[in-house]
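**Student:**
Numbering (my numbering), first residue to last: 2 to 258.
Written out as structure tokens, the structure is:
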């Protein structure tokens with residue numbers, strides 16, 4: 002019964018927002034794939050950790066909690082010949098996320114050093130990374146407050162590995178410039194050298210393309226539904242209740258005198 006309600010409600014919502022999708026991520030402990038967030042052993046070399054927790058809830062009951070040095074959690078794999086293909090970079094219009102620095106977080110650079118958001122691409126035979134960091138988007142300094150959630154924007158700049166970090170471009174600009182590149186993975190994490198005292202959170206990683214968008218929402222298992230989920234359930238109950246009432250009226254027997 003409940004399953005049918007959820008399916009019916011989901012179908013109603015999908016009809017009004019078919020261009021956008023939200024994927025709930027409960028666990029990042031395994032190996033990543035084209036459909037699963039995870040961690041490569043070769044990427045977390047600084048002793049950092051990443052897990053979906055309820056420590057700092059965002060858009061629900063959880064978020065991705067990041068601690069330590071050089072911690073990276075990703076969707077997909079960028080290493081040939083095991084690389085995944087998430088689509089053409091030319092089709093990508095933006096990559097954004099929500100982030101928060103935990104109170105008490107420390108590192109050698111600055112107390113408000115932000116997490117990093119990466120789009121990992123293969124440009125021909127060359128592996129490259131398009132990297133968002135607060136330091137290159139005007140959110141590095143006293144205007145950034147630990148314990149407060151912030152959101153990156155589609156117009157934010159990403160710098161490219163091997164390039165000049167001061168000549169960053171938007172994802173859309175990189176997509177136009179590197180038109181033949183393919184997206185192999187998306188990564189959220191921390192740069193090298195932050196040391197073990199670093200502590201931050203991330204959520205709602207959103208990849209927008211010419212065909213729509215996908216948001217990965219990090220949620221702990223067994224949480225209380227979000228307000229939007231409750232609305233979907235109520236809509237489902239109301240729709241099914243109305244159908245049952247109509248069915249009850251049409252199935253009544255009429256006796257002649």
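The beta carbon of each residue, even a glycine, is placed where N, CA and C say it ideally should be.
For the candidate residues 193, 91, 204, 33, whose alpha-carbon lies nearest to that of residue 46?
**Tutor:** Cα-wise, what sits closest to residue 46 is 193.
**Student:** Nearest CA to the CA of residue 94: which residue from 173, 132, 64?
**Tutor:** Ranking the options by Cα distance to residue 94, first place goes to 173.
**Student:** To which residues does DSSP link residue 149 through a beta bridge?
**Tutor:** Partner(s): none; residue 149 has no beta bridge.
**Student:** In its own chain, which residues sit with a C-beta less than 6 Å from the C-beta of residue 209, not counting the 5 before and 5 after it?
**Tutor:** 94, 95.
**Student:** For residue 108, collect the residues of the same chain with a Cβ closer than 7 Å to its Cβ; drop the 5 residues on either side in sequence, then sort them by chain order.
**Tutor:** Excluding residues within five positions, the ones whose Cβ falls inside 7 Å are 114, 195, 196, 198, 199.
**Student:** At the level of alpha carbons, what is the spacing between residue 235 and residue 222?
**Tutor:** Confidence in residue 235 is poor, its pLDDT being 45 and thus under 50, which makes the residue's placement unreliable; the coordinate value appears in the next sentence. Using only the alpha carbons, I get a separation of about 22 Å.
**Student:** Start and end of the alpha helix (DSSP H) containing residue 293?
**Tutor:** Because the chain here runs from 2 to 258, residue 293 falls outside it and cannot be looked at.
**Student:** From what residue to what residue does the beta strand (DSSP E) around residue 139 run?
**Tutor:** It is not in any beta strand (DSSP E) - residue 139 carries neither H nor E in the DSSP assignment.
**Student:** Roughly how many angstroms separate the alpha carbons of residue 150 and residue 125, rounded to a whole number?
**Tutor:** For residue 150 and residue 125, the distance between alpha carbons rounds to 37 Å.
**Student:** One question on the structure: do residue 183 and residue 86 come within less than 8 Å of each other, judged by their Cβ atoms?
**Tutor:** Yes, the pair counts as a contact, with Cβ atoms nearer than the cut-off.
**Student:** Three-state secondary structure (DSSP) at residue 92?
**Tutor:** Of the three classes helix, strand and coil, the one that applies to residue 92 here is helix, per DSSP.
**Student:** Taking only three categories from DSSP, how would you classify residue 45?
**Tutor:** DSSP places residue 45 in coil when its eight states are reduced to three.
**Student:** Is residue 37 helix, strand or coil by DSSP?
**Tutor:** Three-state result, residue 37: coil.
**Student:** Quick one: what does DSSP say residue 1 is sitting in, helix, strand or coil?
**Tutor:** Nothing about residue 1 can be read from this structure; the chain reaches only from 2 to 258.
**Student:** Could you say which of 138, 145, 160 lies nearest to residue 154 if we only look at CA atoms?
**Tutor:** Ranking 138, 145, 160 by Cα distance to residue 154 puts 138 first.
**Student:** In terms of alpha-carbon separation, which member of 215, 121, 207 lies closest to residue 175?
**Tutor:** Selected option, being the one with the closest Cα: 121.
**Student:** Quick check: what's the CA-CA separation for residue 20 versus residue 217?
**Tutor:** If I take the Cα positions, the gap works out to 15 Å.
**Student:** Starting from residue 108, follow the beta strand (DSSP E) in both directions and report where the run begins and ends.
**Tutor:** No beta strand (DSSP E) holds residue 108; DSSP gives it neither H nor E.
**Student:** Output the boundary residues of the beta strand (DSSP E) element that contains residue 58.
**Tutor:** Element bounds for residue 58: n/a, residue is neither H nor E.
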